[in-house]
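Numbering of the sequence shown is given in our numbering, commencing with residue 1314 and proceeding in unit increments.
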Amino acid sequence: MDTYLDKGSSYEEILEGIKNCDPDGAVCCTDEPVFNLAKVVLVKEKLAGITLQLVDEQGYATRQVTSKKPSDDQPSDRHLSTRQAAVIRALEKVLMHCKKEGIKLIGYSDELVAMPVVVSSDDVSPAVALDIDTHGVYFGADSVIGNDSNN
1314 MDTYLDKGSS YEEILEGIKN CDPDGAVCCT DEPVFNLAKV VLVKEKLAGI TLQLVDEQGY
1374 ATRQVTSKKP SDDQPSDRHL STRQAAVIRA LEKVLMHCKK EGIKLIGYSD ELVAMPVVVS
1434 SDDVSPAVAL DIDTHGVYFG ADSVIGNDSN N
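Structure follows, in structure tokens:
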């Protein structure tokens, strides 16, 4: 059975509603601010296995999240975990900022360097190219093809 949270529910009311929800049910919100606060409650209280839904006037779920323990969110052999995907999105945002600031990244074998866009790739030198500390997560394609020891 689903549990519905009232509009304007407080942190404590949301927590009580979540704790009283049937294990096979969902915690439903008709109000987006309550839905957002309920997500905060799930994280702060470290409650796993709870499905939270934002429902419209007809009772249809328009958004849904299900909390899980970090140990349950491990990458498979083909997919990234949720946290890994979030890190990739953050990296993409950083790369977007690099573009806005006129920085290009160039990969050389197992090195990654940054330099101003206005400098020609033919003019790369230590004076204009800044080595990037990749903390061992960047590998040139030629070093990993046929060699999986870089995991």
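Beta carbons: idealized from backbone N, C-alpha and C, even for Gly.
### Message
On the CB-based measure, 16 or more other CB atoms within 10 Å of its CB, does L1327 come out buried or exposed?
### Response
Reading the sequence as shown, one finds Ile at residue 1327 and not Leu. Buried: at least 16 other Cβ atoms inside 10 Å.
#### Entry: Among G1338, P1336, A1374, I1363, the one whose alpha carbon lies nearest that of D1344
A1374
### Query
Rounded to a whole number of angstroms, what is the C-alpha to C-alpha distance between I1419 and G1321?
51 Å
#### Entry: Counterpart residues of Y1421 in DSSP-defined beta bridges
E1424
### Query
Thinking C-alpha only, which one of P1336, S1323, Y1324, E1329 is nearest D1470?
The requested residue 1470 does not occur in the structure, where the chain is confined to residues 1314 to 1464.
### Nearest residue (CA-CA) to E1370, options A1351, C1341, K1381, T1395
C1341
### Message
From the DSSP secondary-structure annotation, give me the bridge partner or partners of Y1324.
### Response
DSSP lists no partner for Y1324.
### Neighbour-count burial assignment, Q1397, 16 or more Cβ in a 10 Å radius
exposed
### Task
Determine, using beta carbons only, whether L1365 and K1352 come nearer to each other than 8 Å.
yes
### Query
Among L1425, V1430, D1435, which one has its Cα closest to the Cα of L1443?
L1425
### Task
Note the first and the last residue of the continuous beta strand (DSSP E) segment covering C1342.
1340 to 1342
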